[in-house]
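The structure appears right after this line, and notes come after that.
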Amino acid sequence: MTLRRRLSDVLYVRPLLLLSLLLIPPLLWLGIIYLGSLFNLMLYSFYSLNDFTGQVEYRFSLSAFQQLFSSSANVDIVVRTTLMALVVTLACIAIGFPIAYYIAFYTKGHARTFWYLMVLLPLWSSYLVKVYAWRLILAGEGVVSWFFNLLGLGWLLQGILSVPVVGGPSLSNSYLGMFLVFTYIWLPYMILPIIAALERVPKSLIQASSDLGARPGQTFRKVIWPLAIPGVAAGSIFTFSLTLGDYIIPQVVGQPGFFIGQMVYVQQGTAGNLPLAAAFSVVPVVIIAIYLLIVRRLGAFNAL
Amino acid sequence: MPGKPSLGLRIAFYLGMLFLHFPIAIIVLYALTTEDRTYQFPPPGLTLRWFGEAFQRQDMWAALWLSLQVAAMATGIALVLGTMVAAAMYRFQFLGKDFITVLLILPIALPGILTGIALLTTFKRLALEPSFWTIVIGHATFCIVTVYNNVVARLRRTGYSQIEASMDLGADWFATWRFVVLPSIATALLAGGMLSFALSFDEVIVTTFTAADQKTLPIWFLNELFRPRERPITNVVAVFVMLITFLPIVLAQWLTRDTDDLHGGGKTG
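Chains A and B, in that order, give the protein sequences.
Position one of the first sequence corresponds to residue 0 (numbering that gives the first Met the number 0), numbered consecutively onward.
Position one of the second sequence corresponds to residue 0 (numbering that gives the first Met the number 0), numbered consecutively onward.
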């Protein structure tokens, strides 16, 4: 018997050996490099920075969290980021649902592949390029202003921009602009899971509902929407979590007010305060964990 | 299902689609504008001049080359590890399977900044200098799940009976792998690999943390964003980058046609 044959037989009669051979390398990678790093990051949030030397002191301390929560500016950052993530998620549902609904129920064959690809392409085209495109569109002399002026509605845009908090010197320097960009960038992440959920709605249920005398609106509310909720919840995990962690969009389009991601970036870099950066990055983990617990009840994990 | 889409639904659908594609059209338009100082719309004139100027930038080519190398290396690692874990998850029932599922999804479900800073703090602690390899490590970590998703979906469709038949007919493990399994998952591997490549090629957040002064194309692009003088070059490179990412996606979609949906998973963020 050749060596190859013998080895093959051993693997066949000892599936456990085969399983470990298959699993060990990927588990070492994800378990040690990735999980280990995350664990190390969590540890850093319990270290402190020596005020004199500026070096990290590897001793248990809650000073990073103290620093985080004692400053109202820091708390503002957390609140601002979370609110933005919630609003963006709601907007993505509002815009994404009709698109998903149309594709799932009113297209088939080649047309369906085409529209599906039309959702996929913006998802996969370069993230930075898309953000940059919005900078062009929202700029003071850009497309949006031009369009408003064309309709003679320049005063309306000025009015919106003068609203405190939402507005700013131009759309590309306002929370409103930032909201638009976030919504745009994450929208496909919402559409795809909703399509998947709606495709699983049995057509017979809808027929039965209308046979029993329900109006289309009633069928939607009582049959289709409840079955779509897992998809909506799955999509919201992406839109919510991605908004919480992003720091490029607030940097390229937006107000001077910081977001969590920017704060992590600045604290680890120029400020050189790794423990505070680590404490800040624990915040989205906790928020996402709470969020996941909520959406799990809506069946989000079956629709991912 | 109601017979015909209502007018309101059709309007919402087409407006939504317009919203999704308008910015991409704008990028192409701006790459051709003659205006080089402001974001003026509509463009005063159209020209191809900036393409020539952009392609003469050596630093752009260097960044592109680095990105291609990183993406190729990260994809290679992800292909091997992703296929291994897919084979294990498909073939065996074992304790801790759910844990592995979570472990695979985590790098894309958590914001990229977490992966980035987690790796950075760990490299610092281990006194590892940021290098080409630290970038590759970061990228491969979130590419594994893309390959895994595609391969495991294909394996589930293929079924185990073919493998058993091959072994019954006297083929050993290696022959079965070479002549039965590999051909049936080949396109899934190719699709997963291309998606990984595109994912890595476009990644900016994790790279910011794991690179020292190396500039991948997205990092180079991000730096250019804040240099208003080079605006036309930025516009051209934007189109260029988009074309390079589009191609693998369309190819991957074509490769998995009639078999299963594209299992992309999350992307940047």
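Glycine included, each C-beta is placed from N, C-alpha and C at the ideal position.
Proximal residues to residue i (C-beta, below 6 Å), its chain only, five neighbours per side dropped
i         : result
Phe-237/A : Tyr-188
Leu-10/A  : Leu-17
Ser-66/B  : Phe-200, Thr-215 and Leu-216
Gly-63/A  : Note on residue identity: the sequence assigns Ala, not Gly, to residue 63/A. Excluding sequence neighbours, Ala-63/A sits near Ser-44, Pro-274, Leu-275 and Ala-278.
Ser-183/B : Thr-157
Phe-59/A  : Phe-45
Ile-98/A  : Ile-190
Ser-169/A : Gly-139
C-alpha gap between residue i and residue j, whole angstroms
i         : j         : result
Ile-248/B : Ile-223/A : 31 Å
Gly-260/A : Gly-115/B : 11 Å
Ala-210/B : Leu-127/B : 12 Å
Leu-246/B : Met-193/B : 9 Å
Leu-120/A : Leu-47/B  : 25 Å
Thr-267/B : Gln-57/B  : The predicted model places Thr-267/B with a pLDDT of 38, which falls under 50 and marks its position as unreliable; any figure quoted below should be read in that light. Computed Cα separation, rounded: 27 Å.
Phe-239/A : Val-87/A  : 7 Å
Gln-65/A  : Phe-279/A : 11 Å
Ile-190/A : Ile-243/B : 24 Å
Leu-29/A  : Phe-173/B : 26 Å
Asp-35/B  : Arg-228/B : 8 Å
Leu-109/B : Ala-195/A : 22 Å
Gly-141/A : Trp-185/A : 23 Å
Gly-81/B  : Thr-140/B : 10 Å
Gly-151/A : Tyr-33/A  : 55 Å
Thr-133/B : Leu-189/B : 25 Å
Thr-207/B : Ala-227/A : 37 Å
Gln-39/B  : Asn-222/B : 22 Å
Leu-292/A : Pro-229/A : 13 Å
Asp-259/B : Arg-153/B : For Asp-259/B, the predicted structure reports a pLDDT of 49, less than 50, and the residue's modelled location is therefore unreliable. A value from the coordinates is still provided. Approximately 8 Å between the Cα atoms of the pair.
Glu-52/B  : Val-238/B : 14 Å
Phe-220/B : Tyr-126/A : 11 Å
Ala-197/B : Ile-104/B : 18 Å
Leu-89/A  : Leu-250/B : 33 Å
Val-281/A : Gly-212/A : 52 Å
Arg-199/A : Leu-116/A : 19 Å
Asp-8/A   : Ile-23/A  : 20 Å
Nearest neighbour of residue i, chosen from the options [CA to CA]
i         : options                                       : result
Thr-37/B  : Gly-139/A, Ser-144/A and Phe-219/A            : Gly-139/A
Phe-93/B  : Leu-17/A, Gln-65/A, Ile-98/A and Val-143/A    : Leu-17/A
Ala-71/B  : Phe-200/B, Lys-3/B, Phe-245/B and Val-205/B   : Phe-200/B
Gln-161/B : Phe-239/B, Tyr-147/B and Val-179/B            : Val-179/B
Leu-181/B : Val-205/B, Ala-197/B and Val-150/B            : Val-150/B
Arg-124/B : Leu-273/A, Leu-116/A and Leu-22/A             : Leu-273/A
Leu-224/B : Phe-147/A, Trp-133/A, Tyr-264/A and Phe-104/A : Trp-133/A
Thr-218/A : Ala-93/A, Arg-3/A, Pro-25/A and Leu-204/A     : Leu-204/A
Lys-3/B   : Gly-153/A, Thr-106/A, Ser-71/A and Ala-90/A   : Thr-106/A
Phe-131/B : Thr-175/B, Trp-64/B and Ala-77/B              : Trp-64/B
Ile-103/A : Ser-19/A, Leu-67/A, Pro-192/A and Asn-39/A    : It is Ala, not Ile, that sits at residue 103/A in the sequence shown. The candidate whose alpha carbon is nearest that of Ala-103/A is Pro-192/A.
Tyr-57/A  : Val-143/A, Ala-110/A and Asn-39/A             : Asn-39/A
Residue i vs residue j beta-carbon contact at 8 Å
i         : j         : result
Thr-74/B  : Ser-195/B : yes
Gly-95/A  : Gly-234/A : yes
Ser-173/A : Leu-155/A : no
Thr-242/A : Phe-181/A : yes
Ile-25/B  : Ile-136/A : yes
Ala-62/B  : Asn-234/B : no
Met-16/B  : Val-128/A : no
Val-79/B  : His-138/B : no
Leu-118/B : Ser-36/A  : yes
Tyr-83/B  : Pro-25/A  : Note on residue identity: the sequence assigns Met, not Tyr, to residue 83/B. A contact, by the Cβ cut-off of 8 Å.
Val-118/A : Leu-19/B  : yes
Val-130/A : Val-265/A : no
Ala-87/B  : Leu-21/A  : yes
Leu-175/A : Val-165/A : yes
Ile-76/B  : Ser-124/A : no
Tyr-183/A : Phe-12/B  : no
Same chain only: Cβ atoms within 7 Å of residue i, ignoring 5 sequence neighbours per side
i         : result
Ile-76/A  : Phe-257, Phe-258, Ile-259 and Met-262
Gly-264/B : In this prediction, Gly-264/B scores a pLDDT of 44, lower than 50, which makes its location untrustworthy; the coordinate-derived value is nonetheless stated afterwards. Answer for Gly-264/B: Ile-107, Val-144, Thr-145 and Asn-148, listed in chain order.
Val-294/A : Ala-232, Ser-235 and Ile-236
Pro-129/B : Phe-122, Thr-209, Ala-210 and Ala-211
Leu-42/A  : none
Other residues of its chain near residue i: CB distance less than 8 Å, five sequence neighbours each side excluded
i         : result
Gln-319/A : The question about residue 319/A has no answer, for chain A in this structure spans 0 to 303.
Ala-170/B : Phe-178 and Val-179
Leu-61/A  : Phe-45
Gly-244/A : Ile-259, Gly-260 and Pro-283
Val-27/B  : Val-238
Gly-153/A : Ser-144 and Phe-147
Cβ-heavy atom distance, residue i to the ligand GTP, below 7 Å
i         : result
Asn-172/A : The model on display carries no ligand, and the ligand GTP is accordingly not part of it.
Partners in chain E for residue i, counting only beta-carbon separations shorter than 7 Å
i         : result
Lys-129/A : Judged by its chain identifiers, the structure shown contains no chain E, and its protein chains are A and B.
**Prompt:** Quick check: the segment 159-171 of chain B against the segment 97-106 of chain B, are there 3 or more CB pairs under 8 Å?
**Reply:** No: the two stretches stay apart, fewer than three of their Cβ pairs being nearer than 8 Å.
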